[in-house]
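**Q** One structure coming up, written as structure tokens, with questions to follow.
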Amino acid sequence: MSHKARLAGLAAGLAALAAAAFVGLSAPEPVLAEHPECEVHALGELSAEADTPLTASGRWTTEDCDSRFRSGSDAYTYSFAVAAGGRVRIDLASAEADSFLYLMAADGSRIDDNDDGAAGLDARIERTLEPGSYLVEATTVGGRGRGPADFSLSIARLSCAPADLGVLVPGPGLTASGTWTIDTCGSTIVSDHPAYNYTFVLAEPGRVRIDLVSEHGDPVLSLASPARGVIGANDDGGGGRNARIEQYLLAGPYAIEATTYLQRDLQPLVADFELVVQIVDEAAAQQRFLLKIEESLSPDEVVAGEPFAVDYRLGNLGGGDLPADAEVIVYAVAPRVFEAIRGIPPVLLHPGASYHSSPAVASADSVSTAEIGPLMVVMPRPGPSWVFVAVVAFDEEDEELAFHGLWRNVRVVSGPTFGPATVTVDGADYLVVAVADDEGMVTTWVVPAAAPGARVDPGVRARAIYAAAVRSLVLDDA
155 MSHKARLAGL AAGLAALAAA AFVGLSAPEP VLAEHPECEV HALGELSAEA DTPLTASGRW
215 TTEDCDSRFR SGSDAYTYSF AVAAGGRVRI DLASAEADSF LYLMAADGSR IDDNDDGAAG
275 LDARIERTLE PGSYLVEATT VGGRGRGPAD FSLSIARLSC APADLGVLVP GPGLTASGTW
335 TIDTCGSTIV SDHPAYNYTF VLAEPGRVRI DLVSEHGDPV LSLASPARGV IGANDDGGGG
395 RNARIEQYLL AGPYAIEATT YLQRDLQPLV ADFELVVQIV DEAAAQQRFL LKIEESLSPD
455 EVVAGEPFAV DYRLGNLGGG DLPADAEVIV YAVAPRVFEA IRGIPPVLLH PGASYHSSPA
515 VASADSVSTA EIGPLMVVMP RPGPSWVFVA VVAFDEEDEE LAFHGLWRNV RVVSGPTFGP
575 ATVTVDGADY LVVAVADDEG MVTTWVVPAA APGARVDPGV RARAIYAAAV RSLVLDDA
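Here it is, written out as structure tokens:
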């Protein structure tokens with residue numbers, strides 16, 4: 155089979171890979187499948203040509219048939235047939251009403267619905283349809299109380315064929331550019347996001363870098379192969395909001411989806427992008443700087459509202475120096491937390507350099523320096539949480555040069571946990587224990603040793619807790 159034939163099957167839709175996993179699962183029985191009192195308007199068979207849509211127009215008068223799914227809303231129902239499967243877009247537009255679309259099988263069971271998927275308040279459903287008969291309900295969000303309104307309906311086949319970039323060999327690479335707009339084909343993964351699809355053939359095995367860059371969009375990349383399906387996806391890996399996939403690939407055909415997270419109903423979106431696919435010169439790359447957080451360390455459990463230290467080891471594991479004008483920042487981020495150390499001199503991070511913020515994270519060849527110290531973090535609320543420690547470097551134009559970070563899970567509790575500990579207050583022994591639940595909320599028990607069910611005086615309770623906490627958290631840790 156030729157590369158083009160294999161790619162045609164691959165580019166038919168990355169989403170089909172996910173759909174195949176659910177073949178055989180049963181669907182619920184259709185609800186409200188028949189409304190014999192309401193006319194179904196037949197639109198006919200959808201043409202195989204992309205520029206020959208099925209169309210209809212009408213007016214919600216407030217006295218029309220009830221919607222099958224939206225109480226108090228007028229609705230018109232249309233039928234159409236698909237002879238050849240493919241990508242189909244259904245648009246419902248109204249200048250006076252907030253339109254809402256439902257797509258159903260011939261028996262009335264719901265397949266999909268949409269509100270505001272097109273420009274403004276217009277509705278849009280875009281998906282791949284198999285051959286068969288379908289129903290569309292055109293209704294409104296506001297209901298009859300918003301008054302009469304005109305509408306127009308369009309059902310069109312889309313031409314979303316991938317663009318062939320050619321054969322990738324060492325050198326400048328393969329490039330493409332385009333503009334995401336309201337009319338761009340939707341992503342095969344999330345149809346609300348506009349997307350372009352591309353194919354290329356890698357002539358020889360090698361490390362490949364794919365960059366998707368946009369000033370106004372939020373690029374997202376997906377990479378697939380005929381043999382392995384989806385093999386890569388990335389958002390924000392290329393600096394800022396740009397996307398990057400870099401991995402070793404075997405020779406053969408590949409498909410790329412270039413999309414954006416900014417949805418089309420917000421602008422409507424117009425955002426330019428550039429795509430670059432190139433083979434990485436691995437020997438040259440190893441001679442560049444490579445900043446990494448080599449290790450991070452923080453307590454496994456912390457108390458909400460109390461500061462704690464996050465230590466780390468920072469190094470340049472590459473073979474080159476940073477630009478002299480680079481800005482290097484180390485920071486810790488957590489829910490509602492951002493703590494940073496700015497102004498680390500690039501000259502410190504020469505090839506092979508490694509610095510630790512405390513002896514607890516030191517290695518055999520790391521050293522300490524006044525410019526690199528612990529990050530102090532305060533968690534605002536109890537519960538399961540995390541801390542991310544990262545290094546980022548920018549050039550003089552604020553373009554990202556390097557980024558790396560490490561995650562650590564942290565349990566945040568509402569107060570200290572300790573015990574069980576036995577303490578003596580006014581000659582009587584008490585068992586004291588403070589335990590956190592799954593959400594980090596701490597409950598403290600004070601139990602008289604001689605009479606476990608007896609009531610404990612509040613003053614005695616407070617003194618017992620204080621004594622147990624000092625013993626467990628101060629003396630035992632000394």
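Residue numbers (my numbering): 155 to 632.
C-beta atoms are modelled at their ideal positions from N, C-alpha and C, and glycine is treated no differently.
Is the number of C-beta pairs between the segment 537-545 and the segment 482-498 that are closer than 8 Å three or more?
**A** yes
**Q** Using a Cβ distance threshold of 8 Å, determine whether the segment 544-551 contacts the segment 596-609, with at least three qualifying pairs required.
**A** no
**Q** Buried or exposed, going by whether 16 or more other CB atoms sit within 10 Å of the CB of residue 278?
**A** As a first step, residue 278 must be located in the sequence shown, where it is residue number 124. Burial call: buried.
**Q** Taking the alpha helix (DSSP H) that residue 392 falls in, what are its first and last residues?
**A** As a first step, residue 392 is located in the sequence shown; it is residue number 238 there, counting from the start. Residue 392 -> no alpha helix (DSSP H), and no H or E assigned at all.
**Q** If you draw a straight line from the alpha carbon of residue 594 to that of residue 460, how long is it in whole angstroms?
**A** By 1-based counting over the sequence shown, the position of residue 594 is 440. By 1-based counting over the sequence shown, the position of residue 460 is 306. For residue 594 and residue 460, the distance between alpha carbons rounds to 14 Å.
**Q** Should residue 404 go down as buried or exposed, given a rule of 16 or more other Cβ atoms within 10 Å for buried?
**A** Locating residue 404 in the sequence shown gives position 250, where the first residue counts as 1. With fewer than 16 Cβ atoms within 10 Å of its Cβ, residue 404 is classed as exposed.
**Q** Out of 197, 481, 508, point me to the one whose CA is closest to residue 495's CA.
**A** Within the sequence shown, the letter at position 341 stands for residue 495. Proximity to residue 495 across 197, 481, 508 peaks at 481, based on C-alpha coordinates.
**Q** Could you check the C-alpha separation between residue 546 and residue 240 for me, to the nearest Å?
**A** Looking up residue 546 in the sequence shown gives position 392. Looking up residue 240 in the sequence shown gives position 86. In a straight line, the C-alpha of residue 546 is about 45 Å away from that of residue 240.
**Q** Suppose the cutoff is 7 Å on Cβ atoms and the five residues either side in sequence are ignored; what does the same chain contact list for residue 536 look like?
**A** To locate residue 536, count along the sequence shown from 1; it is residue 382. Only 458, 566, 567, 568, 593, 594, 595 meet the Cβ criterion.
**Q** For residue 573, which residues in the same chain have their Cβ closer than 7 Å to its Cβ, ignoring the five residues on either side in sequence?
**A** Translated into the one-based positions of the sequence shown, residue 573 becomes position 419. Closer than 7 Å at the Cβ level, and outside the excluded window around residue 573, lie 586, 587, 588, 622, 626.
**Q** From the DSSP secondary-structure annotation, give me the bridge partner or partners of residue 569.
**A** Along the sequence shown, one-based indexing puts residue 569 at 415. Answer is none; residue 569 lacks a bridge partner.
**Q** Only counting the same chain, and skipping five residues up and downstream in sequence, which positions put a Cβ closer than 7 Å to that of residue 427?
**A** On the sequence shown, residue 427 is found 273 positions in, with the first residue counted as 1. Excluding sequence neighbours, residue 427 sits near 331, 332, 334, 366, 367, 368, 371, 373, 412.
**Q** Among 439, 517, 454, 469, which residue has its Cα nearest to the Cα of residue 445?
**A** In the sequence shown, residue 445 corresponds to position 291, counting from 1. Answer by Cα proximity: 469.
**Q** Using 10 angstroms around the beta-carbon of residue 530, count the other beta-carbons present and answer buried if the total reaches 16, otherwise exposed.
**A** One-based indexing of the sequence shown puts residue 530 at position 376. Answer is exposed; the Cβ neighbour count stays below 16.
**Q** Pick helix, strand or coil for residue 320, following the three-state DSSP scheme.
**A** Here residue 320 is taken as the residue at index 166 of the sequence shown, counted from 1. Strand, per DSSP.
**Q** Does DSSP classify residue 625 as helix, strand or coil?
**A** Indexing the sequence shown from 1 puts residue 625 at position 471. It is helical.
**Q** Taking the alpha-carbon of residue 600 as reference, which of 591, 273, 398, 576 has the nearest alpha-carbon?
**A** Against the sequence shown, residue 600 aligns to sequence position 446. The candidate whose alpha carbon is nearest that of residue 600 is 576.
**Q** Can you give the Cα-Cα distance for residue 519 and residue 559, rounded to whole angstroms?
**A** By one-based count along the sequence shown, residue 519 stands at place 365. By one-based count along the sequence shown, residue 559 stands at place 405. Across the structure, residue 519 and residue 559 are spaced so that their CA atoms are roughly 20 Å apart.
**Q** Out of curiosity, what's the CA-to-CA distance linking residue 618 and residue 628?
**A** To locate residue 618, count along the sequence shown from 1; it is residue 464. To locate residue 628, count along the sequence shown from 1; it is residue 474. Rounded to the nearest angstrom, the two C-alpha atoms are 15 Å apart.
**Q** In chain order, what residues of the same chain lie with their CB nearer than 7 Å to the CB of residue 265, ignoring the 5 residues before and after it?
**A** Counting from 1 along the sequence shown, the entry for residue 265 is found at position 111. Closer than 7 Å at Cβ, skipping near neighbours: 257, 258, 259.
**Q** Please confirm if the segment 381-395 is in contact with the segment 348-359, defined as three or more CB-CB distances below 8 Å between the two stretches.
**A** no
**Q** According to DSSP, is residue 175 part of a helix, a strand, or is it coil?
**A** Residue 175 sits at position 21 when you count from the first residue of the sequence shown. At residue 175 the pLDDT is 36, less than 50, meaning the model places this residue with poor confidence; the figure from the coordinates comes in the next sentence. If DSSP states are grouped into helix, strand and coil, residue 175 belongs with coil.
**Q** Decide if the segment 320-327 is in contact with the segment 236-254; the criterion is three or more beta carbon pairs, one per stretch, under 8 Å apart.
**A** no
**Q** Counting C-beta neighbours from all protein chains within 10 Å, is the total for residue 248 16 or more, i.e. buried, or is it exposed?
**A** Residue 248 sits at position 94 when you count from the first residue of the sequence shown. Answer is buried; the Cβ neighbour count reaches 16.
**Q** Classify residue 352 as helix, strand or coil using the three-state DSSP reduction.
**A** Counting from 1 along the sequence shown, the entry for residue 352 is found at position 198. If DSSP states are grouped into helix, strand and coil, residue 352 belongs with the strands.
**Q** Mind checking residue 613: buried by the 16 CB within 10 Å criterion, or exposed?
**A** To locate residue 613, count along the sequence shown from 1; it is residue 459. By the 10 Å Cβ count, residue 613 comes out exposed.
**Q** So for residue 187, helix, strand or coil by DSSP?
**A** Position 33 of the sequence shown, counted from the start, is the residue given in the question as residue 187. Its pLDDT being 40, under 50, residue 187 is placed unreliably in this model, and the coordinates cannot settle the point.
**Q** Quick check: what's the CA-CA separation for residue 562 versus residue 526?
**A** Your numbering for residue 562 matches position 408 in the sequence shown. Your numbering for residue 526 matches position 372 in the sequence shown. Approximately 20 Å between the Cα atoms of the pair.
**Q** Hey, residue 293 and residue 228: beta-carbon distance below 8 Å or not?
**A** Start at 1 with the first residue of the sequence shown, and residue 293 comes out as number 139. Start at 1 with the first residue of the sequence shown, and residue 228 comes out as number 74. Using a Cβ distance threshold of 8 Å, residue 293 and residue 228 count as a contacting pair.
**Q** Of all the options 389, 327, 450, which has the alpha carbon lying nearest to the alpha carbon of residue 517?
**A** By one-based count along the sequence shown, residue 517 stands at place 363. Of 389, 327, 450, the smallest CA-CA separation from residue 517 is found for 450.
**Q** What's the gap between the Cα of residue 340 and the Cα of residue 310?
**A** Indexing the sequence shown from 1 puts residue 340 at position 186. Indexing the sequence shown from 1 puts residue 310 at position 156. Near 13 Å, if we compare the C-alpha coordinates of residue 310 and residue 340.
**Q** According to the neighbour-count rule (16 or more other Cβ atoms, all chains shown, within 10 Å of its Cβ), is residue 245 buried or exposed?
**A** Counted from its first residue, the sequence shown places residue 245 at position 91. The residue is buried, with at least 16 neighbouring Cβ atoms inside 10 Å.
**Q** Which residue from 356, 511, 237 puts its Cα closest to that of residue 528?
**A** Here the question's residue 528 lines up with position 374 in the sequence shown. The shortest C-alpha separation from residue 528 is found at 511.
**Q** With a threshold of 8 Å, are at least 3 pairs of Cβ atoms found where one atom belongs to the segment 283-298 and the other to the segment 218-232?
**A** yes
**Q** Which residues does DSSP list as the beta-bridge partners of residue 586?
**A** Here residue 586 corresponds to residue number 432 of the sequence shown, with the count starting at 1. For residue 586, which the question treats as bridged, DSSP gives the partners 575, 600.
**Q** Just to confirm, is the Cβ distance from residue 360 to residue 433 under 8 Å?
**A** What you label residue 360 is simply residue 206 of the sequence shown in a count that begins at 1. What you label residue 433 is simply residue 279 of the sequence shown in a count that begins at 1. Their beta carbons are under 8 Å apart, which means residue 360 touches residue 433 by this criterion.
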